[in-house]
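Chemist: The following block contains the structure, expressed as structure tokens.
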Amino acid sequence: MSGGKPVSALTEAEAAAELARLAQDMAEADAAYYQNDAPLLTDAAYDALRLRNAEIETQFPHLKREDSPSVRVGAEAGDGFAKARHSAPMLSLENAFADADVADFAARIRRFLALGDDAELAITAEPKIDGLSLSLTYEKGTLVRAATRGDGQTGEDVTANARTLKDIPERLSGKGWPASIEVRGEVYMAKADFAALNAREREAGRKTFANPRNAAAGSLRQLDVEITKSRPLRFFAYAWGAASGPIAETQSGAVAKLAAWGFQVNPLMVRTQTVEGALDYYRSIEAKRASLDYDIDGVVCKVDRLDWQQRLGFVSRAPRWAIAHKFPAEKATTTLLGIDIQVGRTGSLTPVARLEPVTVGGVVVSNATLHNEDEIARLGVKPGDTVEIQRAGDVIPQVLRVVAPGTGPAWVMPEVCPACGSAAVREVDEAGESDVRRRCTGGLICPAQAVERLKHFVSRKALDIDGLGARQIELFFDKGVLRAPQDIFRLRTNIETAGLPPLEDWDGFGAASAKKLFASIDARRKVPFARFLNGLGIRNVGQTTSSQFARNFLRWQSFWDAVRRAGEGGPGGEGYQDLTGIDGIGGAAANALIQFDAEPHNREMLEALLAEVEVEDEVPAATDSPVAGKTVVFTGTLERMTRDEAKARATALGAKVAGSVSAKTDILVAGPGAGSKLAKAEGLGVRTMTEAEWLDLIGEA
Ligand code: IVH
């Protein structure tokens, strides 16, 4: 694992691998935070990842990825709402953690604007509200659209919901507003309102919200407007996007206009001429933080003059003219009573510290995440130790360090899943580095994962069973009639055996819909290879990989035989080569398949499932083309098409595209710059041809 190394010690390959991992981890965290309103990481952990990503990119600028977290903001808009494209992107803010970062910010601005040391640089400072940003479009003074930030370019259209907030005027008051303007600000929930809402939710037996931010996001993003209406949401306006005319000359002037037009603006905003002034303000707000009616996570400083903001512009995801000076996390010391293992919905095992309850920043904390076993080893922590913990605004607090060790024995991470008893393993990637997370290999048979796995199994891209969606899966699971995928096909019998009334008599079903459901289940007793494999939800074997396996093996049985042989022969063996020889298929997918098959529970499940359904063999894409059934490898530079086009075309003509040359290769298409693959093909007597000859062969010359 290169994650712990100083950036200067990373090799290029390690840096590239880590950037890829960071992009993926942060995208997952963003999706959980923005789309599902259920954060995976503490703000501090998230910021640490962002910082690490930035450091690696500075050292290896050429490795910066297109999907880098440094250029991407938030997460794509979710399903459920119509998409709303912002006329001016909704950006993020650069973070400052230390006083010196704020001083650097001001110095950078002075340099950029070529201001002398004595020149005035007025800065506004205001609390950074911990809510979710919203963009409100007004045409001729009337609200026409409200959109969440989404990925910064496109958000979700939540107009109907936004109209229910009393802080959002339907019509602008006063005068002087541009004919068209996007007003931006933060939707939030006051602390007292949040506590009352959670009390109500608890009483009604519903899930409570982790913090006011999640409650605000969850309440605004409701498909049912009536629910949003019943939630106490508020809005502070602090910025604007596209506008058809000028608003003011300064930030403070513009905010005064927003107030005059009927918006709530933060009364704590100030204007200062110096960095010291901004830092004093930060400290005064930090001292007030607990007594404020709403959650804040720092102070935002902005250049006051708008013509200067204009000149300063943006760097990738954030403006040069503003900075978020974040508050440090709150800390406390307590005893670690034990370490429990939580199994996530996708199978990752997370060690969680059970703590002697302690108050941190006004909240009683009795659990803290320990992330993974490497983190536990790094901290050297074990039950009985006195530990320092930190709570950063929201989500699960974390253990920072051991303050005083106890006398207990060292703690060992279990190698079996506590929920189902299957092996729990750490994946090893191509470079031989093992994943920090340990994952349960039980998949569909693990009760901790079952519901999510079953939802995936019936989802549109897998078995696609009409009328059997997330809600029905949860219902059948709760009733105990659906625990494993094969139960879907035995639903009628399972209901009967459980002594429950026939489905026709269940609430919300009725004769017609019950009949329809059983019919659509029966229709899936024959299922295409790729859908079936994708449905199994094996790690690293998603929709694309499943289709690739299907196209290359055609028959389910031949494919599964190869998996078996791969398990028996190991990475050097022939089965393994058959799996990984396919273009785009790496060791990660092969290893996950082997692990899946090595788990007896999975074998039993698969056997039971195959007793109910028949996996249809893949029909070759084309059988009458001159390259149908041939294994083709592309190498060197292609001049008339991209590599992806070439592969897609070959596959459509029934060829199998492989990534490496072996005795099984039929044709090597070699462009200029072809190297070792060409030499190997010639050595093996494989037929080689130029791009032009290939196009000629497939009739596209
Ligand atoms: S100004 C170009 N002011 O913080 C960005 N943002 O971390 C202009 N936020 O996306 C944003 N309070 O959702 C600004 N007083 C405030 C804020 C604030 C909270 C949020 C906003 C932004 C995020 C960046």
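Heads up: the sequence shown begins at 544 in my numbering, then just goes up one per residue.
Quick reminder that beta carbons are idealized off the backbone N, C-alpha and C, glycines included.
No experiment lies behind these values; they were computed from the predicted model shown.
1. Go ahead and label Ser1089 buried or exposed: buried means 16 or more other beta carbons lie within 10 angstroms of its beta carbon, across all protein chains shown.
2. Give the C-beta separation of Phe779 and Gly728 to the nearest angstrom, bearing in mind that I take them to be a contact with Cβ-Cβ under 8 Å.
3. With DSSP run on the structure shown, which of helix, strand or coil describes Phe1072?
4. Closer than 7 Å to a non-hydrogen atom of the ligand IVH - does that hold for the CB of Lys671?
5. Any heavy atom of the ligand IVH within a distance shorter than 7 Å of the CB on Glu729?
6. Report all residues from its chain with a CB closer than 7 Å to the CB of Leu592; omit the five preceding and five following residues, and keep chain order.
7. Using 10 angstroms around the beta-carbon of Ala993, count the other beta-carbons present and answer buried if the total reaches 16, otherwise exposed.
8. Would you grab the beta carbon distance between Ala1054 and Glu1047 for me? Rounded to a whole angstrom, and I think it's under 8 Å.
9. Smallest Cα separation from Gln765: which of Glu699, Val818 and Leu1006?
10. Run through DSSP, which three-state label would Arg944 get?
11. Cβ-heavy atom distance between Pro1169 and the ligand IVH below 7 Å?
12. Here's the rule I'm using: 16 or more other beta-carbon atoms within 10 Å means buried, otherwise exposed. How should Leu594 be labelled?
13. Report the rounded CA-to-CA distance for Ala1133 versus Val808, giving the unit in angstroms.
14. Indicate the three-state DSSP secondary structure (helix, strand or coil) for Lys683 in the structure shown.
15. Among the candidates Leu997, Asp1009 and Ser1063, whose CA atom is the shortest distance from the CA of Arg1026?
16. According to DSSP, which residues form a beta bridge with Met1232?
17. Residue ranges of each alpha helix (DSSP H) run of no fewer than 4 residues wholly in the segment 1056-1128, ordered along the chain?
18. Using 10 angstroms around the beta-carbon of Ile790, count the other beta-carbons present and answer buried if the total reaches 16, otherwise exposed.
19. Anyone know if the C-beta pair for Asp1009 and Ser965 falls short of 8 Å?
20. So, is Leu1227 buried or exposed, given that buried needs 16 or more other C-beta atoms within 10 angstroms?
21. Quick check on this structure: which residue in Glu571, Leu740, Ala1217 and Ala1224 has the alpha carbon closest to the alpha carbon of Glu1234?
22. Looking at the secondary structure, which residues open and close the alpha helix (DSSP H) in which Thr771 lies?
23. Using the Cα positions of Phe857 and Met633, report the straight-line distance between them to the nearest angstrom.
24. Nearest by alpha-carbon distance to Ala953: which of Ile932, Val971, Val942 and Ile919 is it?
25. With DSSP collapsed to three states, give me the class of His1144.
26. Does the segment 1162-1182 touch the segment 1190-1206, meaning 3 or more C-beta pairs lie closer than 8 Å?
27. Among residues of its own chain, excluding the 5 on either side of Tyr781, which ones have a beta-carbon nearer than 6 Å to its beta-carbon?
28. List the endpoints of the continuous alpha helix (DSSP H) containing Ala830.
29. Can you tell me the Cα-Cα spacing of Leu677 and Ala690, whole angstroms?
30. Out of Asp1121, Gly1242 and Ser635, point me to the one whose CA is closest to Ala865's CA.
31. When DSSP builds the beta bridges, which residues end up paired with Pro894?
32. Could you work out which residue in Ser1205, Glu1188 and Ala1206 is closest to Leu1238 when comparing CA atoms only?
33. In whole angstroms, give me the CA-to-CA distance for Asp1126 and Leu553.
34. Taking the alpha carbon of Glu899 as the reference point, which residue from Thr929, Lys874 and Gln852 has its own alpha carbon closest?
35. In the structure shown, what three-state DSSP assignment does Asn910 receive?
36. In whole angstroms, what is the alpha-carbon distance linking Glu555 and Gln1120?
Modeler: Reading off the structure:
1. The count along the sequence shown starts at 1 and reaches residue 1089 at position 546. A buried status is given to Ser1089, since no fewer than 16 other beta-carbon atoms sit within 10 Å of its beta-carbon.
2. In the sequence shown, counting from the first residue as 1, residue 779 sits at position 236. In the sequence shown, counting from the first residue as 1, residue 728 sits at position 185. Contact holds; Cβ gap of about 5 Å.
3. Position 529 of the sequence shown, counted from the start, is the residue given in the question as residue 1072. Residue state, collapsed to three classes: helix.
4. Numbered from its first residue, the sequence shown carries residue 671 at position 128. At least one heavy atom of the ligand IVH is found less than 7 Å from the C-beta of Lys671.
5. Taking the sequence shown and counting its residues from 1, the one referred to as residue 729 is at position 186. Yes, the ligand IVH has a heavy atom inside 7 Å of this Cβ.
6. Here residue 592 corresponds to residue number 49 of the sequence shown, with the count starting at 1. Excluding its 5 nearest sequence neighbours in each direction, Leu592 has C-beta neighbours in its own chain below 7 Å: Leu565, Asp568 and Met569, listed in chain order.
7. As a position in the sequence shown, residue 993 is number 450, starting the count at 1. By the 16-neighbour rule on beta-carbons within 10 angstroms, Ala993 is buried.
8. In the sequence shown, counting from the first residue as 1, residue 1054 sits at position 511. In the sequence shown, counting from the first residue as 1, residue 1047 sits at position 504. 5 Å between Cβ atoms; contact.
9. Position 222 of the sequence shown, counting from 1, holds the residue named residue 765. Nearest to Gln765 by alpha-carbon distance, out of Glu699, Val818 and Leu1006, is Glu699.
10. Counting from one through the sequence shown, the residue named residue 944 turns up at place 401. Here Arg944 sits in strand by DSSP.
11. Translated into the one-based positions of the sequence shown, residue 1169 becomes position 626. No; taking the cut-off as 7 Å, the Cβ of Pro1169 has no heavy atom of the ligand IVH nearer than that.
12. In the sequence shown, residue 594 corresponds to position 51, counting from 1. Leu594 should be labelled exposed.
13. Position 590 of the sequence shown holds residue 1133. Position 265 of the sequence shown holds residue 808. Approximately 56 Å between the Cα atoms of the pair.
14. Here residue 683 corresponds to residue number 140 of the sequence shown, with the count starting at 1. Judged by DSSP in its simplified three-state form, Lys683 adopts coil rather than helix or strand.
15. The residue labelled residue 1026 in the question sits at position 483 within the sequence shown. Closest option to Arg1026, Cα to Cα, is Leu997.
16. Mapped onto the sequence shown, residue 1232 falls at position 689. Bridge partners of Met1232: Val1212.
17. Listed in chain order, the complete alpha helix (DSSP H) runs (minimum 4 residues) inside the segment 1056-1128 are 1072-1078, 1086-1096, 1099-1112 and 1117-1123.
18. As a first step, residue 790 must be located in the sequence shown, where it is residue number 247. Result: buried.
19. In the sequence shown, the residue the question calls residue 1009 occupies position 466. In the sequence shown, the residue the question calls residue 965 occupies position 422. Not closer than 8 Å, so no.
20. In the sequence shown, residue 1227 corresponds to position 684, counting from 1. Classification of Leu1227: exposed, given that the 10 Å Cβ count is below 16.
21. Stepping through the sequence shown from its first residue, residue 1234 is reached at position 691. Closest option to Glu1234, Cα to Cα, is Ala1217.
22. Here residue 771 refers to the residue found at position 228 of the sequence shown. Per DSSP, Thr771 is one residue of the alpha helix (DSSP H) stretching across Val768 to Ser773.
23. Within the sequence shown, residue 857 is the residue found at index 314, counting from 1. Within the sequence shown, residue 633 is the residue found at index 90, counting from 1. Taking the straight line from one Cα to the other gives about 11 Å.
24. Position 410 of the sequence shown, counted from the first residue, corresponds to residue 953. Distance check between Ala953 and each of Ile932, Val971, Val942 and Ile919 places Ile919 closest, using alpha-carbon atoms only.
25. The count along the sequence shown starts at 1 and reaches residue 1144 at position 601. His1144: helix per DSSP, three-state reduction.
26. Three or more beta-carbon pairs separated by less than 8 Å link the segment 1190-1206 to the segment 1162-1182, which places the two stretches in contact.
27. For the purposes of this step, residue 781 is identified with residue 238 of the sequence shown, where counting begins at 1. Within the same chain, Tyr781 has close Cβ partners Gly728.
28. The sequence position of residue 830 within the sequence shown is 287, counting from 1. That run of the alpha helix (DSSP H) goes Val818 to Lys831.
29. Position 134 of the sequence shown, counted from the start, is the residue given in the question as residue 677. Position 147 of the sequence shown, counted from the start, is the residue given in the question as residue 690. So the two alpha carbons sit approximately 6 Å from each other.
30. On the sequence shown, position 322 is the one that residue 865 refers to. Nearest C-alpha to Ala865: Ser635.
31. Taking the first residue of the sequence shown as position 1, residue 894 is located at position 351. The partner list for Pro894 (beta bridge, DSSP) reads Ile884.
32. As a first step, residue 1238 is located in the sequence shown; it is residue number 695 there, counting from the start. Nearest C-alpha to Leu1238: Glu1188.
33. Position 583 of the sequence shown, counted from the first residue, corresponds to residue 1126. Position 10 of the sequence shown, counted from the first residue, corresponds to residue 553. About 28 Å.
34. Counting from one through the sequence shown, the residue named residue 899 turns up at place 356. Cα-wise, what sits closest to Glu899 is Thr929.
35. As a working note, residue 910 is residue 367 in the sequence shown. Three-state DSSP puts Asn910 in a strand.
36. Looking up residue 555 in the sequence shown gives position 12. Looking up residue 1120 in the sequence shown gives position 577. The alpha-carbon of Glu555 is positioned some 27 Å away from that of Gln1120.
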